[in-house]
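The listed protein sequences derive, respectively, from chains A and B.
First residue of the first sequence? That's 74 in this note's numbering, and the numbers climb one at a time after it.
First residue of the second sequence? That's 302 in this note's numbering, and the numbers climb one at a time after it.
Glycine residues also receive a C-beta, built at the ideal position from the N, C-alpha and C atoms.
From a predicted model like this one, the values you see are computed outputs, not experimental measurements.
Down below is the structure, laid out as structure tokens.
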Amino acid sequence: MRGHKTVKMIGYVLFPLIAIHMICLSGCAKKSGEKEILMWLVGSEKQAQKITELGLDFYKETGVKVSCEAISWGEAHSKYLTSVVGEVTPDIGTMGLTWGTEFGSLGAMVDLRKEFPAELEEISKNIFPGLAESIRYKDSVFAVPFDMSEYIMFYRTDLIKSPPKTWKELTSLLSELNSGGKSMIIDWGGLGWIGYCPYLWQSGGDFYNKDGTAAALDTPEAAAAMKFFTDMYKKYQVPLENKPVEQSFKVGDHPIFISGNWKMKSLTDIAPELGGKWAIAPLPAGPTGKRTGFIGGRVMGIFSMSKHKKESWEFIKYLSTADIQVKLYEATLESHDTYLPTNMKTWDMMPMESSFKEPLREQAMDSKGPPSVLGWDDSTRFIDTAIQMIVLKGKDVKSALAEANRELNGRKKH
Amino acid sequence: MNCALKEFNKHKASYMFIAPSFLIFTVFLIIPVFASLYWSFTEYNILQPPKFVGFQNYANILFHDPRFWKAMTNTVIFVVGTVPTSIAISLLLAMAIDQNIKFKNWFKTFFFIPSITSIIAVSVIWKWLYASGKYGLFNHFLSSIGVPPVNWLGIDLTLPSIIIMSVWGGLGYNMILFLAGLQGIPQVFYEAAEVDGASDWDKFRNVTLPLLRPTMVFVTIMSIISAFQVFEQVYIMTYNSEGAVGGTLDCALTIVAYLYETGFQRFAMGYASALAYLIFIVLFIVTIINMKIVEKKIEY
């Protein structure tokens, strides 16, 4: 009964939409011979508008029209998938970091390394090394970074003298905080694989072996990292449940937390009175001396069905230049988006206080993205389960990791 | 044949009115239902053509998938936790409002508001109310009366917390149905009972309840079906920064949330279709049992 109603509702909404669309199609037909590329942006309407605006300059230079449409994160993956099946893909798509490889390996995206090797090399040279690594799948690259989000440590300068620079300093700081009833929050990826991976990398381990042929969670490095990570919950009172980070940072219960760079924006918005009392720093270094963090973000690629591959690639190149990235960055200062440019040259030009810019840049130089291995997205929850079993059910590190390792191997696709 | 054509011509206009609705119904409901039945016997990731695997999906779900059983158990707990409580409280509210009290319509509106509010919005707000430590409103109240803060969305309490919220959210709708049912009971029965010297409890047990039976059947069946399909609350309350749904160690993973994850995050459409059909079979059986239990004819 309810279903029938829903169907009816869809009908009422759909018919006028189709009608409008038809009128538009016939009315707004473009001049013959003029090329137009369509780009989908996973993100906000405002940012899509800004890109369409930047596309006007591109049009003046090249005669190719660009229109950019926003799609929301929640539906993006299925929308891309259905567009591929229905053969109605946009020319350019921005998407989650791992999706390029996923769609590309199924033949839905242009292999940029094959089509435009020299120019791709030129772009790759300028992007942060960890990002450049995570877009490579075997010998192919199906998408280049559009923006990035990175792991970073936040701390209250009035409550913590200096940010911890090593694991040891971190644990002694935590003990000190614990004795006063305080602690730290792991906000981005807490109790999950994202929270775990910095420690894994900092101790010299990784999720898979070097050539990506087998899982590598059964190594002593992985176990040491897991022990350190889970001990923060078990020994050092890092909260297991979600806490409103900004509030507890403000009242000082958690004067230090690890999260994504977007929290810089939300701290300024939610706790403006804290201005000047907090700072950011790269993660504490592990046994290898590395401070490796996690880096995520959006990538952009060209769909195989596009009729304007060359023009699309020109626009992707355009969006990857430092001049344009600065403009995009400036635009996001006004809207509520967080956008960090991926081109290292952009970082010299963009307006940001150096007390923020330098730690972010330093961390970005030593960051890695999710492994570019097919089957990874299906495997992550087993790492989450291992972490949660260790912390909540007292399972021992070795057997939990061995189990996760088996699942990772079982889900790897070739 | 000729006759059928004649018949059609006679009602041409009617058929034409039905046609658009029927077309949409077919495209968006009937075809998907059968397509999904076929897919449930295949391995299908949307991009590549479905590969027929027989009963493999069903066998895997039933015999090799602990997450399915975890989700099923959670769902049954949710149904048992919400349906009887919600029915009892909403019947009580309906009876209270059915009395000759002041501000009757005001109360009706008041209790119905959660039903017209988007469950997504409700869940987001309740997530704040439930916030842990001293940050949530509930814990704030508790601490003001000296009770230590409760970890509402921790591993043990997530499901009960979602149950509490869902009972609250579903009250108004059931209350209005019961109210309609109560108002359909002729006053003469109560008067006759009073003449016989019946107490309030007797009147409730022997007049109200039996005469409310059709409403009760309807409310029970619909509540069970919708409780079985609980999703939005679970999604909002438990999704994490990695996009996983169901909470820590699947503590609040319900069957539709699991279906969503399988079908729309992992794109295992064949497996998800098989899950959907298993849910359908369970609901079908539950509904039949329900109807059998309350089948007794009521004639007054």
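So A/Ser321 contacts chain B; which residues on that side make the cut at Cβ distance below 8 angstroms? Gly434, Tyr436, listed in chain order.
Starting from A/Glu192 and walking both ways along the alpha helix (DSSP H), at which residues does that stretch end? Where A/Glu192 is concerned, the enclosing alpha helix (DSSP H) starts and stops at 190-199.
How would you list, in chain order, the residues of chain B whose beta-carbon sits under 9 angstroms from the beta-carbon of A/Ile353? Those within 9 angstroms of A/Ile353 in chain B number zero; the least Cβ separation is about 19 angstroms.
Per DSSP, what are the beta-bridge partners of A/Leu114 in this structure? DSSP, once it has assigned bridges, lists A/Ala143 as partnering A/Leu114.
Is the Cβ of A/Leu481 closer than 8 angstroms to any Cβ of chain B? It does not: the Cβ of A/Leu481 has no partner Cβ on chain B nearer than 8 angstroms.
With 16 other CB atoms within 10 Å as the buried threshold, where does B/Phe364 fall? Sixteen is the threshold: since fewer than 16 other Cβ atoms of the shown chains lie within 10 Å of the Cβ of B/Phe364, the residue is exposed.
What would DSSP say about A/Thr365, mapped onto helix, strand or coil? Looking at A/Thr365 - three-state DSSP - the assignment turns out to be coil, as it is neither helix nor strand.
Under DSSP, the beta strand (DSSP E) around A/Ile329 begins and ends at which residues? Taken as a continuous stretch (DSSP letters only), the beta strand (DSSP E) holding A/Ile329 covers 329-333.
Beta-carbon contacts of B/Val423 that lie in its chain and below 6 angstroms, excluding the five residues immediately before and after: The answer, listed in chain order, is Gly470.
Roughly how many whole angstroms lie between the Cα atoms of A/Lys380 and A/Trp386? Taking the straight line joining both Cα atoms gives about 12 angstroms.
Below-8 angstroms beta-carbon distance, B/Ile590 vs any chain A residue: With 8 angstroms as the cut-off, B/Ile590 does not count as an interface residue toward chain A.
Note down, in chain order, all residues in the segment 335-350 of chain B with a beta-carbon under 8 angstroms from any beta-carbon belonging to chain A. Cβ contacts with chain A: Ile347, Leu348, Gln349.
List, in order along the chain, the chain B residues whose C-beta lies closer than 7 angstroms to that of A/Asp451? Chain-order list of chain B residues neighbouring A/Asp451: Arg567, by C-beta distance under 7 angstroms.
What whole-angstrom Cβ distance do A/Gln275 and A/Ala358 have, given they're in contact under 8 angstroms? Confirmed, Cβ separation roughly 7 angstroms.
Best match in A/Leu406, A/Pro271, A/Asn416 for proximity to A/Pro424 [C-alpha to C-alpha]: Per the Cα distances, A/Leu406.
Please specify which runs of the alpha helix (DSSP H), each continuous and at least 4 residues long, are wholly inside the segment 275-332 of chain A, giving them in chain order. Those alpha helix (DSSP H) runs which fall completely within the segment 275-332 of chain A and span 4+ residues are 293-307, 318-324.
How would you label B/Trp370, buried or exposed, when you count the other beta carbons within 10 angstroms and need 16 or more for buried? For B/Trp370, the number of other beta carbons within 10 angstroms of its own is below 16, and it is reported as exposed.
Comparing alpha-carbon positions, which option in A/Leu170, A/Gly136, A/Leu179 lies nearest B/Ile347? In terms of CA proximity to B/Ile347, A/Leu179 leads the group A/Leu170, A/Gly136, A/Leu179.
To the nearest angstrom, report how far apart B/Pro351 and B/Leu338 are at their CA atoms. Annotation: B/Pro351 to B/Leu338 spans about 12 angstroms, alpha carbon to alpha carbon.
Go to B/Met523, then tell me how far its alpha helix (DSSP H) extends in each direction, as first and last residue. B/Met523 -> alpha helix (DSSP H) spans 514-529.
Min CB distance B/Ala545 to chain A below 8 angstroms: Yes, B/Ala545 counts as interfacial toward chain A.
Buried or exposed for B/Tyr316, going by 16 or more other Cβ atoms inside 10 Å? Under a 10 Å Cβ-count criterion, B/Tyr316 is classified as exposed, with fewer than 16 other Cβ atoms of the shown protein chains found around its own Cβ.
Cβ-based burial, B/Cys304 [other Cβ within 10 Å; buried from 16]: By the neighbour-count criterion, in which 16 or more other beta carbons inside 10 Å mark a residue as buried, B/Cys304 falls on the exposed side.
Out of A/Pro271, A/Gln122, A/Val115, which has the shortest C-alpha to C-alpha gap to A/Ala437? Minimum Cα distance to A/Ala437 is reached at A/Pro271.
Using beta carbons (cut-off 8 angstroms, strictly below), is A/Pro443 in contact with chain B? Any Cβ of chain B closer than 8 angstroms to the Cβ of A/Pro443 would place that residue at the interface, and such an atom is absent.
8 angstroms CB neighbourhood of A/Asp469 in its chain, flanking five on each side removed: Counting only Cβ-Cβ distances below 8 angstroms, and skipping sequence neighbours, we find Ile463.
Which residue comes first and which comes last in the beta strand (DSSP E) that contains A/Thr167? Going by DSSP, A/Thr167 is part of the beta strand (DSSP E) stretching over 165-169.
On the criterion of 16 or more Cβ atoms from any shown chain inside 10 Å, does B/Thr343 qualify as buried, or is it exposed? Taking a 10 Å sphere around the C-beta of B/Thr343, we find 16 or more other C-beta atoms and assign the residue as buried.
Would a C-beta distance cut-off of 8 angstroms place A/Ser332 and A/Val311 closer than the cut-off? The answer is no: Cβ separation not under 8 angstroms.
With a Cβ-Cβ cutoff of 8 angstroms, do A/Leu465 and B/Thr549 count as a contact? Cβ distance < 8 angstroms, so A/Leu465 and B/Thr549 count as in contact.
From this set, B/Val557, B/Ile414, B/Phe585, which residue's C-alpha is nearest B/Asn375's C-alpha? Ranked by Cα distance from B/Asn375, the options B/Val557, B/Ile414, B/Phe585 are led by B/Val557.
Taking DSSP's pairing of strands, which residues face A/Tyr210 in a bridge? Note: A/Tyr210 sits in a beta bridge opposite A/Ser213.
Could you give the residue range of the alpha helix (DSSP H) that holds A/Ala459? Boundaries of the alpha helix (DSSP H) around A/Ala459: 449-466.
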